[in-house]
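These notes concern the structure reproduced below.
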Amino acid sequence: MPHILDGKKIAQKLKDQLKIEIEGIKIKCNLVPGLAVIQVGNVAASSVYVKAKTKAAKEVGINVIDHHLEESINQNDLINLINQLNNNDDVNGILVQLPLPKSINEEVVLNSIEPKKDADGFHPLNVGKLSINQKNDESLMIPCTPYGCLLLLRELNINLAGKNAVVIGRSNIVGKPMAQLLLKESCTVTTVHSKTINIESICKKADILIAAIGKPEFVNKDWVKKGAIVIDVGINRIKINEEKSKLVGDVLFSEVENIVYAISPVPGGVGPMTIACLLRNTTIAFKNSNKI
Ligand code: GUN
Numbered sequence: 056m057p058h059i060l061d062g063k064k065i066a067q068k069l070k071d072q073l074k075i076e077i078e079g080i081k082i083k084c085n086l087v088p089g090l091a092v093i094q095v096g097n098v099a100a101s102s103v104y105v106k107a108k109t110k111a112a113k114e115v116g117i118n119v120i121d122h123h124l125e126e127s128i129n130q131n132d133l134i135n136l137i138n139q140l141n142n143n144d145d146v147n148g149i150l151v152q153l154p155l156p157k158s159i160n161e162e163v164v165l166n167s168i169e170p171k172k173d174a175d176g177f178h179p180l181n182v183g184k185l186s187i188n189q190k191n192d193e194s195l196m197i198p199c200t201p202y203g204c205l206l207l208l209r210e211l212n213i214n215l216a217g218k219n220a221v222v223i224g225r226s227n228i229v230g231k232p233m234a235q236l237l238l239k240e241s242c243t244v245t246t247v248h249s250k251t252i253n254i255e256s257i258c259k260k261a262d263i264l265i266a267a268i269g270k271p272e273f274v275n276k277d278w279v280k281k282g283a284i285v286i287d288v289g290i291n292r293i294k295i296n297e298e299k300s301k302l303v304g305d306v307l308f309s310e311v312e313n314i315v316y317a318i319s320p321v322p323g324g325v326g327p328m329t330i331a332c333l334l335r336n337t338t339i340a341f342k343n344s345n346k347i
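The sequence shown lines up with residues 56 to 347 when you count with this note's numbering.
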């Protein structure tokens with residue numbers, strides 16, 4: 056039987072720890088972390104994620120400041136709002152839910168967030184720190200989804216050093232920072248993507264396979280080595296029939312679970328970890344800014 060990496064349970068443990076820490080600081084200093092969450096437009100998946108992030112943040116004692124903006128907002132107005140939040144001492148973390156509407160330059164917007172308030176770890180300064188800093192990760196703002204994947208791997212209590220890790224996908228949100236984190240763990244890291252030749256045979260050699268491609272159940276048993284560890288980052292909604300749909304990952308779980316050492320399910324794997332790591336980043340930013 057494979058180890059099923061229960062992200063819901065592990066995320067809950069992390070949230071419980073953060074809640075206790077935040078309560079302690081509140082009693083001692085009469086301060087709580089503040090997180091500004093910005094959503095532009097009404098992409099359905101973004102609304103689901105923002106709701107889940109807001110709920111979880113409130114549960115651990117973070118003060119959430121919601122900004123749901125019209126899709127038609129112009130870039131300068133969005134940047135003006137971010138500047139106000141940058142200058143507001145009650146706000147420790149700023150999150151701009153992606154994707155943004157096509158009319159807005161995502162890079163410019165993300166670069167306008169004060170790096171020390173960058174709850175997603177997407178600012179170039181934090182991206183750079185992640186690639187340079189080879190020591191502890193306790194004070195770094197690390198992109199939430201890949202850090203959540205790493206915490207899932209750490210739950211297995213195995214030595215990651217020297218393992219052959221393959222990351223499928225090269226996005227700024229998941230693939231690239233995931234590769235950096237695995238490199239920090241001394242894995243031998245390969246990133247494969249849509250233009251990779253012989254992608255399946257490269258994946259089949261992986262001790263650790265991270266699937267972040269956004270294609271439902273794309274990775275089947277022919278891509279996976281016996282005894283591998285598989286982390287499924289995909290969250291894809293597929294139709295079962297006219298009325299019903301369900302969430303599936305990028306991995307064909309029913310087939311792959313029979314050959315792996317460990318696998319993360321969808322839902323209940325990486326998703327809850329992403330949210331817990333956002334709360335972690337916000338708490339770190341809060342402690343850094345108040346010198347706690
Ligand atoms: N869209 C998909 N994943 C993420 C994420 O981790 N953070 C933000 N801000 N937007 C996303």
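Glycine is no exception: its CB is placed at the ideal position from the N, C-alpha and C atoms.
Straight-line CA distance for residue i to residue j?
i, j, result
"Val45", "Asn219", "The structure shown does not extend to residue 45, since the chain is modelled only from 56 to 347, so the question has no answer here."
"Gln72", "Asn253", "43 angstroms"
"Gln152", "Lys276", "33 angstroms"
"Ala100", "Thr109", "14 angstroms"
"Val163", "Ile59", "39 angstroms"
"Ile77", "Thr338", "8 angstroms"
Kindly indicate which three-state DSSP category residue i falls into: helix, strand or coil?
i, result
"Asn85", "coil"
"Arg225", "coil"
"Asn143", "coil"
"Ile318", "strand"
"Gln94", "strand"
"Asn291", "strand"
"Lys110", "helix"
"Ala220", "strand"
"Gly148", "strand"
"Ala266", "strand"
"Lys171", "helix"
"Asp305", "coil"
"Leu195", "coil"
"Asp121", "strand"
"Val247", "strand"
"Ser300", "strand"
"Ile128", "coil"
For residue i, which option in the options has the closest C-alpha, if you only look at C-alpha atoms?
i, options, result
"Asp262", "Ile213, Lys294, Lys239, Glu298", "Ile213"
"Asp132", "Gln152, Tyr104, Ser167", "Ser167"
"Lys184", "Leu140, Pro232, Glu210", "Pro232"
"Asp145", "Asn85, Asn135, Glu125", "Asn85"
"Glu312", "Lys281, Met328, Asn296", "Lys281"
"Ala346", "Pro88, Gln67, Pro57", "For the record, residue 346 in the displayed sequence is Lys; it is not Ala. Nearest of Pro88, Gln67, Pro57 to Lys346, Cα basis: Pro88."
"Glu125", "Val95, Ile134, Ser344", "Val95"
"Ser309", "Glu297, Val279, Arg335", "Val279"
"Ile187", "Gln235, Leu140, Glu298, Arg335", "Gln235"
"Ile330", "Gly79, Lys83, Tyr104", "Tyr104"
"Lys171", "Leu155, Pro156, Pro154, Leu195", "Leu195"
"Lys81", "Asn143, Ser102, Lys68, Ile117", "Ile117"
Do residue i and residue j have their C-beta atoms within less than 7 angstroms of each other?
i, j, result
"Ala267", "Gly224", "yes"
"Val274", "Val325", "no"
"Gly6", "Gly269", "Here the chain covers residues 56 to 347 and nothing more, so residue 6 does not appear."
"Val229", "Pro201", "yes"
"Cys199", "Leu333", "yes"
"Gly148", "Leu237", "no"
"Asp173", "Asn160", "no"
"Val221", "Leu264", "yes"
"Leu215", "Cys258", "no"
"Ser319", "Ile286", "yes"
Just checking residue i against the ligand GUN - is the residue's beta carbon closer than 6 angstroms to any of the ligand's heavy atoms?
i, result
"Ile252", "no"
"Leu150", "yes"
"Asp121", "no"
"Leu153", "yes"
"Ile228", "yes"
"Thr200", "yes"
"Asp175", "yes"
For a cutoff of 7 angstroms on Cβ pairs, would you count residue i as touching chain B?
i, result
"Gln67", "Looking for chain B here will not work: only one protein chain is present."
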